[in-house]
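>
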Amino acid sequence: MSGLLTGLETGVRQRIGAALFERVAGPDGMANRARIHQTPGPRWFSPQRPIRRVHADASMFVGGLRALLLQSLHPLAMAAVADHSGFRSDPWGRLQRTSTFLATTTFGTVHDAERAVAKVRGIHRRVKGVAPDGRAYHATDPELLAWVHIAEVDSFLTCHQRFGAEPLDAAGCDGYVADAAEIAVRLGVVDPPRTTAELARQLERYRPQLASTPESRAAARFLLFNPPLPLVARGPYAVLAATAVSTLPTWARWPLRLPRLPMAEATAVRLSGHALVRTIRWALPPPPTALEHAGPVPSPAER
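For what it's worth, this note's numbering labels the leading residue of the sequence shown as 5, then goes sequentially.
What follows is the structure in structure tokens.
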């Protein structure tokens, strides 16, 4: 009987994990995963680096949604997303492309990571236009690139520290910010933060530029309440959404019209968020064994 139950559990786990992984990584996700992890060669980051721990953890699901909400508060960044990303018409495609980029630059070979960065930089050169407030935007603008980077790093690290399987110590948190900066520099960010203190200062510097706009509020409603999901997935996604919102600072919630419920967030939301992240971690298959050289290549500053 125990063997039968174990077999049933394994089958359920595999089905859930496969469906979840395909949704996040796309139909070619498994093939991409094998290529990213099993192609021999040097990587930008050694296996011991904090960025590997953070980006491999299921808390990234919460962090990714939080990052999108935070990024939407910059009117020019939101205009670029609304006009060019297809976040409404093809939200899963956008998610899959983003997750593949993160996996490639974090775990892939130097060759594949450099190709991924070059591809993104090429896309950025074509992303330009005029925001609803009349200001021109261009995705190569170092200020916009820095905002997107800062919002992502702050979100991924915040959610890892709250929901990750192995939260980092203070040195590890600084190490994660420094690791992420290496990718940011290659994408064109000028002087990205390299410690948590610098991250906090740069995030604070952007606050006067952030605003509540019809576009940002519409994006929040779409991301939180109207995602293109089957009915069976709506319940877990609602938990994910509530968990992501609970990690936002108060100053980021009011512009998006997201209420703060301290008692509920400290109890029900936090507990359900931990349970959801543990379930995702349980369901997702572990990555294949990596074939790589022992050490990372030098950073741009060291070359």
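We treat Cβ as the ideally placed atom computed from N, Cα and C, and that holds for glycine.
Pick from E219, P46, L80: whose alpha carbon is nearest that of D145?
On the sequence shown, residue 145 is found 141 positions in, with the first residue counted as 1. Nearest C-alpha to D145: L80.
> Taking 7 angstroms as the cut-off, decide whether the C-beta atoms of H78 and W151 are in contact.
Start at 1 with the first residue of the sequence shown, and residue 78 comes out as number 74. Start at 1 with the first residue of the sequence shown, and residue 151 comes out as number 147. Annotated as proximal: H78 and W151, with beta-carbon spacing under 7 angstroms.
> Taking just the CA atoms, how far does L214 sit from S250?
On the sequence shown, position 246 is the one that residue 250 refers to. On the sequence shown, position 210 is the one that residue 214 refers to. Pairing S250 with L214, the inter-Cα distance amounts to about 19 angstroms.
> Rounded to whole angstroms, what is the Cα-Cα separation between A287 and D137?
If you number the sequence shown from 1, residue 287 lands on position 283. If you number the sequence shown from 1, residue 137 lands on position 133. Their Cα atoms are separated by approximately 44 angstroms.
> By how many angstroms is the C-alpha of P171 removed from the C-alpha of Q165?
Within the sequence shown, the letter at position 161 stands for residue 165. Within the sequence shown, the letter at position 167 stands for residue 171. If I take the Cα positions, the gap works out to 5 angstroms.
> Pull up the distance between the alpha-carbon of A140 and that of V131, whole angstroms please.
On the sequence shown, residue 140 is found 136 positions in, with the first residue counted as 1. On the sequence shown, residue 131 is found 127 positions in, with the first residue counted as 1. Rounded to the nearest whole angstrom, the CA to CA distance from A140 to V131 is 11 angstroms.
> So who's on the other strand from Y210, going by DSSP bridges?
If you number the sequence shown from 1, residue 210 lands on position 206. None, per the DSSP bridge assignment.
> Would you tell me roughly how many angstroms separate the C-alpha atoms of L148 and A182, rounded to the nearest one?
Along the sequence shown, read from residue 1 onward, the residue named residue 148 stands at position 144. Along the sequence shown, read from residue 1 onward, the residue named residue 182 stands at position 178. Approximately 19 angstroms between the Cα atoms of the pair.
> Identify whether V140 lies in helix, strand or coil by the three-state DSSP scheme.
Counting from 1 along the sequence shown, the entry for residue 140 is found at position 136. Going by the sequence as given, residue 140 is Ala instead of Val. DSSP places A140 in strand when its eight states are reduced to three.
> Kindly indicate the opening and closing residues of the alpha helix (DSSP H) around G67.
Within the sequence shown, the letter at position 63 stands for residue 67. Run containing G67: 64 to 75, per the alpha helix (DSSP H) assignment.
> Between the alpha carbons of Y241 and P266, how many angstroms are there, rounded?
As a first step, residue 241 must be located in the sequence shown, where it is residue number 237. As a first step, residue 266 must be located in the sequence shown, where it is residue number 262. Looking at the two C-alpha atoms, the distance is approximately 21 angstroms.
> Given a cut-off of 7 angstroms, decide if A107 and I40 are closer than it, judged by their beta-carbon atoms.
Reading the sequence shown from its first residue, position 36 is the one you call residue 40. Reading the sequence shown from its first residue, position 103 is the one you call residue 107. Their beta carbons are under 7 angstroms apart, which means I40 touches A107 by this criterion.
> Under the three-state reduction of DSSP, which class applies to V152: helix, strand or coil?
Working through the sequence shown from its first residue, we reach residue 152 at position 148. Looking at V152 - three-state DSSP - the assignment turns out to be helix.
> Can you tell which of A256, F65, T247, R261 has the C-alpha that lies nearest to the C-alpha of A272?
Numbered from its first residue, the sequence shown carries residue 272 at position 268. Taking only the C-alpha atoms, the option nearest A272 is T247.
> Use the C-beta contact count for N36: other C-beta atoms within 10 angstroms, 16 or more gives buried, fewer gives exposed.
On the sequence shown, position 32 is the one that residue 36 refers to. Flag for N36 reads buried.
> Determine the closest residue to T217 out of P259, H278, F229, A237, with distance taken between C-alpha atoms.
Within the sequence shown, the letter at position 213 stands for residue 217. The shortest Cα separation from T217 among P259, H278, F229, A237 belongs to P259.
> Excluding the 5 residues preceding and the 5 following L72 in the sequence, name in chain order all residues of the same chain whose CB lies nearer than 7 angstroms to its CB.
The sequence position of residue 72 within the sequence shown is 68, counting from 1. Closer than 7 angstroms at Cβ, skipping near neighbours: L227.
> Drop a sphere of 10 angstroms on the beta-carbon of P229, count the other beta-carbons inside from all chains shown, and report buried for 16 or more, exposed for fewer.
Counting from one through the sequence shown, the residue named residue 229 turns up at place 225. The sequence given here places Phe at residue 229; Pro does not occur at that position. Exposed.
> Taking the alpha-carbon positions, what's the P289 to P212 distance?
As a working mapping, residue 289 is identified with position 285 in the sequence shown. As a working mapping, residue 212 is identified with position 208 in the sequence shown. Spanning the two alpha carbons is a distance of roughly 42 angstroms.
> Is the Cβ-Cβ distance between S159 and G67 less than 7 angstroms?
As a first step, residue 159 must be located in the sequence shown, where it is residue number 155. As a first step, residue 67 must be located in the sequence shown, where it is residue number 63. Yes; because the gap between Cβ atoms is below 7 angstroms, this pair is in contact.
> For R53, name the three-state secondary structure that DSSP assigns.
As a first step, residue 53 is located in the sequence shown; it is residue number 49 there, counting from the start. R53: coil per DSSP, three-state reduction.
> Apart from the five residues on each side of it in sequence, which residues of its chain come closer than 8 angstroms, Cβ to Cβ, to W255?
Position 251 of the sequence shown holds residue 255. Excluding residues within five positions, the ones whose Cβ falls inside 8 angstroms are R211.
> Count the CB pairs spanning the stretch 49 to 65 and the stretch 104 to 119 that are closer than 8 angstroms, and state whether there are at least three.
yes
> Going straight from the alpha carbon of P291 to that of H59, what length do you get?
By one-based count along the sequence shown, residue 291 stands at place 287. By one-based count along the sequence shown, residue 59 stands at place 55. Cα to Cα, P291 sits roughly 12 angstroms from H59.
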